[in-house]
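K.L.:
Once you know that position 28 of the sequence shown is 27 in numbering that gives the first Met the number 0, the rest is easy, because the numbers rise by one and skip nothing.
C-beta atoms are modelled at their ideal positions from N, C-alpha and C, and glycine is treated no differently.
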Amino acid sequence: MRLTPEQVQKVAELARLQLSLDERERYAEQLSAVLGYFNMLNSLDTVNVSPTSHALMLKNVLREDQVRPSLSQQQVMSLAPELSGELVAIPRTFEG
0 MRLTPEQVQK
10 VAELARLQLS
20 LDERERYAEQ
30 LSAVLGYFNM
40 LNSLDTVNVS
50 PTSHALMLKN
60 VLREDQVRPS
70 LSQQQVMSLA
80 PELSGELVAI
90 PRTFEG
């Protein structure tokens, strides 16, 4: 399926995007390639392929959670470089 720049413009309008003519032409070509790939996938025979949510049938290899002794809140707070009341103070991440 070949998309036209006009079809790309319609999708862009639905997404509230403004595209130049050059962008519409470029995206029409790129999206047409993606749709062509989807068409190729649709033509594959999957009758004998069972549905799966994962490509690899791996199970969780992490250990089970275990309750273990840990530091008290007071010990953790004593290790913090700076406190703000009962909270650990950290450097500002975002401006504003």
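Below 8 Å on the Cβ atoms is my guess for M0 versus S31; work out the distance and round it to an integer in Å.
P.N.:
On the sequence shown, position 1 is the one that residue 0 refers to. On the sequence shown, position 32 is the one that residue 31 refers to. So it is a contact: roughly 7 Å between Cβ atoms.
K.L.:
In the DSSP assignment, find the unbroken alpha helix (DSSP H) run with F37 in it and report its ends.
P.N.:
As a first step, residue 37 is located in the sequence shown; it is residue number 38 there, counting from the start. Unbroken alpha helix (DSSP H) run through F37: 20 to 41.
K.L.:
Using three-state DSSP, classify V10 as helix, strand or coil.
P.N.:
Taking the sequence shown and counting its residues from 1, one reaches residue 10 at position 11. Here V10 sits in helix by DSSP.
K.L.:
When you compare only the Cα positions, how much space is there between S42 and R67?
P.N.:
In the sequence shown, counting from the first residue as 1, residue 42 sits at position 43. In the sequence shown, counting from the first residue as 1, residue 67 sits at position 68. Their Cα atoms are separated by approximately 54 Å.
K.L.:
Check each candidate in Y36, S71, A14, T3 and name the one with the smallest Cα separation from D21.
P.N.:
Here residue 21 is taken as the residue at index 22 of the sequence shown, counted from 1. Out of Y36, S71, A14, T3, T3 has the C-alpha closest to the C-alpha of D21.
K.L.:
Can you tell me whether Y36 is buried or exposed, with buried defined as 16 or more other CB within 10 angstroms of its CB?
P.N.:
The residue you call residue 36 lines up with position 37 of the sequence shown. Its Cβ having fewer than 16 others within 10 Å, Y36 is exposed.
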